[in-house]
Amino acid sequence: MAIWHNTAPAVLALKAEPIEVEDLSIQYGPVMAVRGVSFAVQPGEQLTLLGPSGCGKTTTLRALAGLERPSAGTIRIGGHVVYSSAEHIDIPAEKRGLSMVFQSYAIWPHMTVFDNVAYGLRVRKRPKAEIEARVRESLDLVQMGAYAARRASQLSGGQQQRVALARAVAFSPPVLLFDEPLSNLDAKLRADMRIELRELQHRLGVTSVYVTHDLEEALAMSDRIVVMRDGVIEQAGTPTEIYARPRNRFVADFVGSSNLVSGRLRPDLARDGLIALEMPSGEIVLGDACGRAPGAEPTFSIRTVHLQFSAARPEGTVNVWPVRVHRCVFQGDFTQIHVAWGDRDLVIRSAALEPIAEGQSAWISADPARCVLLEGA
Amino acid sequence: MSDAAIARPSLPRVSAQAIAGMLLAAIVGVLVLYPIFFLLQAALDVGDPDVRPPTAYGLGNFVAMGHYASILGNTVAVSLAATAMAVIFGFVTAWILSRTNVPYRRTLEQLMAVPYYVTPLLGAFAWSLLGAPESGFINQLWRAAGGHGALIDMVTPFGIAWVMALFEGSVAFFMIGAVMKSMDPSLEEASQMAGASRLRTMLQVTLPLVAPGVLGATIYVFAEMLGSFTAALVLGLPNRFYVVTTAIYQMISQYPPRLPLAAAMGVSLFAIMFVMMMIYRHIVTSRSFVTVTGKAFRPRRMDMGRLRWVLFGVCAFYVLLSVVLPLVTLIYASLQQIAVAFPAAANWTLANYRGALAMNAVRSALTNSLLLGLATATIGTVLVGLLCWIVYRSRLPGRGVIEYVAMFPQAVPRLVFAFGIMWAWLVIPLPIYGTIWLLLIAYLTVFLPLGMRTISGVMLQLDKTLEESAQMCGAPWIYRLVTVTMPLLRPGLLACWLLLFIASVRELGASILLMGPHSKVITPAIVESWFATSAELTAAMALIQTVVVAAAMAIFVVATRQTAEPGGD
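Sequence lines, in order, name chains P and B.
The numbering used here numbers the first residue of the first sequence as 998 and each following residue consecutively.
The numbering used here numbers the first residue of the second sequence as 5 and each following residue consecutively.
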């Protein structure tokens, strides 16, 4: 669905700027919401802060915006320090020149769509003709050109979302911040908007920081993802890195669904650059150490979609195990199969549609490259 | 270096917001704390009564209050009786209107607000005319029907409690009604699905859930009763029955005045009310019961069958007693030469209205009151609006303290506060004492909590991101306030203006102490007339005031509706 106009906007040329965050801590009374977070965003890059609610991702974003006052650390935007606890610098939000799309859209109901989008330009005292041109262009960009005279209160959720976006880009900010902008939309619209946003970001080439708790959104939209929990960064990397090589149990669990299997290291069985673990019930699992050193309780993460399920014994000699089907749940796009494997259950997601009887014997197999050793585990 | 990293940065940058915050803090501090200081000073003054500042301090005045224990007893007795009646009125009507299928529910609900606008002053006049032992209309009818003596006597402690209960019943209705409406009906449905009967559900689920709300309303109403003044003045003074507020008034206005003793009584009263308000706050904010989720539920209404007409009658009867009967009585009396239950044809007259309107005192007092109302409402709305923003929206340090100080007058009876103001501004070498400027200062102070409550309610409902998105668009503070916050808060600001205006024009407790011979205002003038001239003339004056206030409200509502932007919701 190509919603965006194919011509690059002439007036809305945005100047991308880098962001650097160093040792950022944010305290709410006795609670440390963010604890020493550091990351950098390259000019034009789309970075996503991903994590469960309460992990500090929104607080971090609001601190970038200047809406939340950190307790320690440094924030630089475009090379300028906008916050520094050591230097006692705290530039107020309105002077940082950033732009933000809010979860609630925050469209002003007492203004027309045009007035909403023109707001930032009027604050900057731009000439009338320029305001007119930029508002038109921004509204066209989000396919809302026909709604300029409407009252904002007469718009649907999806339309308000578009207006919020137009308002955010109208005054050509060097950085766009997104606070879960799609979470109030229904699933279908959300999937469409995800692609639209990604395209818009590429077209404008603006630096953007995006906050979400939705994994699919993060994977689909980001150049890089920062996974957060309890105010600290658990892992940072490209979507593929995060997905294929989770660093620890939390990331493996949160980013998609994984089977975590722990066992005893068997150096004698290692081969082809792989390492081997022996499960308590005797199964041998070969996997990729990813350059990580095995810890006291070595654990592989195996994604549910990376386990192959078959009724007959598959070819190959490594990572092939007989199992018994425990339970089988049809979920539409995939079937979730729970199998008894040694003394525990494994979960498999299979796109196959053929019926599987509960209690039947079967085989599962896994590509050793998809069995990833977790860090320090 | 590591110290600096840990320490919260102190920011030398001085913004418009910080300047406004400091200015408001200073204004609120002077308005509220300065009079309180003088009130405390006067209460502790045991030196020569004619010398200021005090020559000696001590607790003698508080000890001397022991001689007036009966007044304290009177106050508690009247307040308890009135609170009990008000809460019963409020609970019953709230239950009927929120939980049953009573007919004309919406109309009744709107009517339930009216008793609040029929002030204790009108109520006291009307019930005095209706229930005075000799001349009361009801007693005249009683004797005409063959009865002996007096059927009812309203010029008694019971009369005071009765009038106050009819007035506060409306307050209790709204407080308890809010709790009942915000209760999730699925809590009751869950009980029924578990097999509990309706009665069991009511006793074990509904009542425990609304109990904190009812308790909160009870304490709030009781605290208001302790500080109430008007009804006790009108119905208590003729028989020399005093409560604390009227006793304080008596001590200040008698000759020689007993100011330190009055101050000590005032301080004690406000200490008790303060504790009450703290308990109320605790109950309301602790919310150990998840009754109020902030979500609006569609409450389940019980089908009462034929009984619903009886329930309708109950609500209608309350409105009849608290609104219709008092107003009809006053209108009737104002049209009589001598108000009796069975008038001769020649007894009807418009002379009272002519007389009232011709009186210079009334005209100037009414003009003063309207001017004060306009000024208080306008200045007050700006002041309170900014205060609310600073308190509920800014990140300025000390905003919690500002809120606390601004809400402080709520715990102080207006009469007592006015005493502090009087004492405070007497020593200031500004020619303010005895002018309407002092009244303006007093009104702005005593109505701070009213304004704060009105605007904070709307402001807290306003999504914070609406303002933050303006900030992200680069708009500075004042620009944001003007373009986003104020237009969105418009209904709240207008409501605040109107409430402040009405409250000012009707103010008695502070005005009666602070008005000077050349700065009369209308409500004290009406009370003076009640004691000094005739009830008929006073009824006419009170109705003129009521009509003027209603007319001003109507003009305001029409004017603001016309300027409202079309299409906005």
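From the three backbone atoms N, C-alpha and C, an ideal C-beta is built for every residue, glycine too.
Per-residue DSSP class, three states only, for residue i
i	result
B/C319	helix
P/Y1102	coil
P/E1280	coil
B/G298	Note that B/G298 scores 45 on pLDDT, short of 50, meaning its location in the model is unreliable; the coordinates nonetheless yield the value given after this. Coil, per DSSP.
B/N351	helix
P/E1238	helix
P/F989	Chain P is shown from 998 up to 1374; residue 989 of chain P falls before or after that span and cannot be answered.
B/T289	helix
B/R565	helix
B/R262	coil
B/Y61	strand
B/A267	helix
P/G1033	strand
B/M557	helix
B/L376	helix
P/Y1116	helix
P/Y1025	strand
B/G520	coil
P/Q1140	coil
P/H1323	strand
P/S1347	strand
B/A11	With a pLDDT of 38 at B/A11, under the threshold of 50, the modelled position of this residue cannot be trusted; read the value that follows with caution. B/A11: coil per DSSP, three-state reduction.
B/V431	coil
P/E1127	helix
B/L334	helix
Residue j beta carbon less than 8 Å from that of residue i
i	j	result
B/S368	P/P1089	no
B/G231	B/P39	no
P/T1056	P/D1020	no
P/V1282	P/V1258	yes
P/R1233	P/R1221	The amino acid occupying residue 1233 of chain P in the given sequence is Ala; Arg does not appear at that position. Cβ distance < 8 Å, so P/A1233 and P/R1221 count as in contact.
B/V247	B/F129	no
B/G173	B/A90	yes
B/Q483	P/V1139	The amino acid occupying residue 483 of chain B in the given sequence is Tyr; Gln does not appear at that position. Against a cut-off of 8 Å, the Cβ pair of P/V1139 and B/Y483 comes out as no contact.
B/F587	B/A268	The requested residue 587 of chain B does not occur in the structure, where chain B is confined to residues 5 to 573.
P/V1206	P/L1044	yes
P/I1299	P/A1217	no
B/T353	B/Q341	yes
P/E1372	P/N1256	no
Limits of the unbroken alpha helix (DSSP H) element including residue i
i	result
P/A1060	1054-1062
P/D1250	1246-1251
B/L470	468-476
B/C500	490-509
Integer Cβ distance of residue i from residue j, believed to fall under 8 Å
i	j	result
B/F162	B/A85	7 Å
B/E540	B/A236	Contact doesn't hold; Cβ gap of about 23 Å is too wide.
P/H1323	P/E1351	About 18 Å separates the two Cβ atoms, so there is no contact after all.
P/T1209	P/V1172	Actually they are not in contact, since the Cβ atoms of P/T1209 and P/V1172 sit about 17 Å apart, beyond 8 Å.
B/A379	B/L444	6 Å
B/I459	B/L497	7 Å
P/P1106	P/S1150	4 Å
Residue i - containing beta strand (DSSP E), residue span
i	result
P/S1362	1358-1363
P/Q1305	1304-1307
P/F1297	1296-1300
P/F1175	1172-1176
B/A128	Careful: B/A128 lies outside any beta strand (DSSP E), inside the alpha helix (DSSP H) at 124-135.
P/E1213	Note, P/E1213: premise wrong, no beta strand (DSSP E); alpha helix (DSSP H) at 1212-1218.
P/Q1043	1043-1047
Inter-stretch contact (C-beta, 8 Å, three-pair minimum) for the stretch 1069-1088 of chain P and the stretch 1012-1020 of chain P: yes
Interfacial residues, the stretch 487-498 of chain B to chain A, with Cβ spacing under 9 Å: In the structure shown, chain A cannot be found, because the protein chains are P and B.
Contact the stretch 521-541 of chain B vs the stretch 423-440 of chain B: 3+ CB pairs below 8 Å: Judged by pairs of C-beta atoms under 8 Å, the stretch 521-541 of chain B touches the stretch 423-440 of chain B, as three or more such pairs exist.
Touch test, the stretch 1159-1173 of chain P against the stretch 1114-1131 of chain P, Cβ-Cβ under 8 Å, three pairs minimum: yes
Touch test, the stretch 40-55 of chain B against the stretch 214-228 of chain B, Cβ-Cβ under 8 Å, three pairs minimum: no
The stretch 180-188 of chain B contacting the stretch 248-259 of chain B, beta-carbon criterion three pairs below 8 Å: no
Cβ pair count under 8 Å reaching 3, the stretch 19-38 of chain B against the stretch 398-406 of chain B: yes
Validate contact between the stretch 415-430 of chain B and the stretch 487-507 of chain B using beta carbons, cut 8 Å, 3 pairs: no
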